[in-house]
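Each residue of the sequence shown is one higher than the one before, starting from 2 at the first, in our numbering.
For every residue, glycine included, the Cβ atom is placed at its ideal position computed from N, Cα and C.
Beneath this line is the structure, given in structure tokens, with notes to follow.
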Amino acid sequence: MKKILIAVASLLVGSGFALAEVKLPAIFTDHMVLQRNRPVNVWGWDKPGQDVTVQFAGQSVVTKAAADGKWMAKLQPLETSAVSRQLKVDGSSSVVIQDVLVGEVWLCSGQSNMEWTVTSADDPDLETLTAKYPLIRHVTVPKVGIQEPQNDFVGKWDICTPETIGQFSAVGYFYGRTLHQALGVPIGLIDNAWGGSAAEAWVPRNVLAADPDFKSYLDDWSAREKNLEANTEAWLKALEKWREAGAQGRAPQSPVEQMKGNARPGNLYNGCLHPIIGYTLQGAIWYQGESNASRAYNYRKLFPLMISQWRKEWAQGDFPFFWVQLADYKDEQPQPMDSAWAELQEAQTMTLKLPNTGQAVINDLGEAHDIHPKDKQNVAKRLARHALSKVYGVKIVAESPRYLSHAVQGAKIVVSVQHPGGGLDTFDVREPKGFAIAGADQKFVWAQAKIIAPDKVEVWSSSVPQPVAVRYAWADNPVCNMQNTEGLPLTPFRTDDWNTTTKPVPPATATTAAR
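Below you can see the structure in the form of structure tokens.
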């Protein structure tokens, strides 16, 4: 019955509300935070043609509901304010939103490592006990996977207290707390993450369909949709066999549930993102990629496409977008070898070509046995460095050292990095670890290395007298220790483009290989 009521409410929103009363979406509720220093969008629904007045902080803006009932008002840029004030909307009826602050608003999105809660992070007892920040506010967008764009969600803003913070995004909260402590302004955090979600689900389906590189993924889902009835019958049989065998392990997933899930293209854009698009914010932080590792090559295009699409629809220009690179995970590899995980990390690094972006490198914070590292505090601090430096003008080192160039010098290769901070350094032991080197035969071996300048490291191996390529931290779970003196890890890199294991094989090549 609850699901039916929610569905009916959604239909009412989409139709502009037949009832003669003004309505606001759940992103506008008591305790909300409005973005400072930018024009602020306020919207909702009323009967078509109805005049609507929005009042806040001495401003009064009059607008009119369109034919579909939706209205939009734009407040002039607001100054920072920690004073509790009312936002009033008058139309066919009146709505008063209480305890509204003005500060910095950030969207926190991605998959499970962004969704991972404060109670699941390191020191949950201490973090919960000390979560007494009345100027930090947070709202969670519920998980709705659907092919039709939704206009609203069920939720509300909460004040950060020990009672409310436990189930909020750990990375989001620790990020917001760092900004609040550094800037002294109210912080609004929008938790919009879904564990296990594929990046394709966060992009409009028609946008994916316009690019042939995503055809195979869309074709797979189109086949599932077309064969839903047959697949459901097969699932019922598989489920029965699973039960007869003692119901060991995970039950087969229902094809119907897959249709509402977090991997179907466009599902999360429609159900989770669309309801909040237009809410004025400062920027976004993102932690996702694990579910796309097997498609890492396509992520080179998909990830920047997603960011660009979000920016386009928000119509706030190239707003700041900072993300977390995948952490080290799974077993350590005794010999240098290819890694889809490293290829996904590479695709993330390549996305830094977009303006106003930043990447938190965390290949020193992962856990081999757990895809969800519990140290979310340091993850958030590295994201916050980007915001403090690039958005708020704080003089602080934000970038991890990153490959710039290399030069072969006899039997050695000298690698130069950009963003060395206070200079290259090592952690734990003095000898640099994590480098592999190869000759023209493309066979990598572990290499020795030496820091020879603040931004240069020399790499060699006695078994490769004529080296041509170097890799660093190129593994699922690399043994590596390079960083800058500020403690930010050297970004994984390779100087070659060999053996890209996740690059799709063209159909003709696949047919030829099969003969």
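For residue i, which beta-bridge partners are listed by DSSP?
i	result
Ala454	Lys457
Thr141	Asp192
Asp159	His139
Gln349	According to DSSP, Gln349 bridges with nothing at all.
Pro490	Gln484
Ala408	Val415
Arg519	With the chain covering 2 to 516 only, the question about residue 519 has no answer from this structure.
Tyr288	Gly111
Arg472	Ala437, Arg495
Thr118	Ser170
Asp371	Glu368
Trp447	Ala437
Val106	Gly189
Val101	Arg86
Can the beta-carbon of residue i be found closer than 7 Å to that of residue j?
i	j	result
Pro256	Thr233	yes
Gln56	Gln283	no
Asn263	Trp311	no
Asn478	Tyr330	yes
Leu269	Ala202	yes
Leu366	Ala408	no
Ala27	Gly197	no
Ser292	Gln112	yes
Pro150	His275	yes
Phe322	Ala297	no
Trp117	His373	yes
Leu345	Gly290	yes
Leu353	Tyr176	no
How is residue i classed by DSSP in three states: helix, strand or coil?
i	result
Ser462	coil
Asn152	coil
Cys273	helix
Glu164	coil
Arg244	helix
Leu13	At Leu13 the pLDDT is 44, less than 50, meaning the model places this residue with poor confidence; the figure from the coordinates comes in the next sentence. It is helical.
Gly70	coil
Ala8	At Ala8 the pLDDT is 47, less than 50, meaning the model places this residue with poor confidence and gives no usable figure here.
Asn299	helix
Leu282	coil
Thr503	coil
Phe320	coil
Leu76	strand
Val430	coil
Leu355	coil
Glu234	helix
Val380	helix
Lys1	This structure leaves residue 1 out entirely; the chain is present only between 2 and 516.
Tyr134	strand
Val23	coil
If you follow the beta strand (DSSP E) that residue i is part of, which residue opens it and which one closes it?
i	result
Val395	Careful: Val395 lies outside any beta strand (DSSP E) and carries neither H nor E.
Val57	The identity of residue 57 in the sequence shown is Phe, whereas the question assumes Val. Its beta strand (DSSP E) spans residues 52-57.
Asp426	425-427
Gly146	From DSSP, Gly146 is part of no beta strand (DSSP E); its letter is neither H nor E.
Val90	82-91
Ala264	Run containing Ala264: none; DSSP gives neither H nor E here.
Ala518	Since the first and last residues shown for the chain are 2 and 516, residue 518 lies out of range.
Val204	Premise fails: Val204 is in no beta strand (DSSP E) and is neither H nor E.
Gln60	60-65
For residue i, which residues in the same chain have their Cβ closer than 7 Å to its Cβ, ignoring the five residues on either side in sequence?
i	result
Ile160	His32, Pro135, Arg138
Arg39	Pro78, Thr281
Thr393	Going by the sequence as given, residue 393 is Tyr instead of Thr. Only Leu184 meet the Cβ criterion.
Met351	Arg301
Ala252	Leu240, Trp243
Leu209	Glu201, Phe215, Leu219, Pro266
Pro466	Ala412
Gly272	Val145, Gly146, Ile147, Gln151
I'd like the list of long-range same chain contacts for residue i, defined as Cβ closer than 8 Å, with 5 residues on each side in sequence excluded.
i	result
Arg516	Interpretation of Arg516 is limited by its pLDDT of 41, a score under 50 that renders its predicted location unreliable; the figure taken from the coordinates is listed afterwards. Cβ neighbours of Arg516 beyond the five flanking positions: none.
Val418	Pro402, Arg403, Tyr404, Leu405, Leu425, Asp456, Lys457, Val458, Leu491
Val480	Glu333, Lys434, Gly435
Thr427	Pro433, Lys434, Ile452, Asn482, Met483, Gln484
Between which two residues does the alpha helix (DSSP H) carrying residue i extend?
i	result
Met33	No alpha helix (DSSP H) contains Met33, which DSSP labels as neither H nor E.
Asp221	216-227
Thr129	125-130
Asn42	From DSSP, Asn42 is part of no alpha helix (DSSP H) but of the beta strand (DSSP E) over 41-46.
Gln259	256-260
Within the same chain, show all residues whose beta-carbon is closer than 6 Å to that of residue i, passing over the 5 residues directly before and after it, in chain order.
i	result
Val395	Leu389
Pro49	Ala66, Ala68, Gly70
Val34	Leu102, Gly104, Val106, Arg138, Pro187, Gly189
Val362	Gln326, Ser401, Pro490, Thr492
Val90	Val23, Val55, Val96
Val43	Val55, Ala74
Ala474	Asn364, Gly435, Cys481, Pro493
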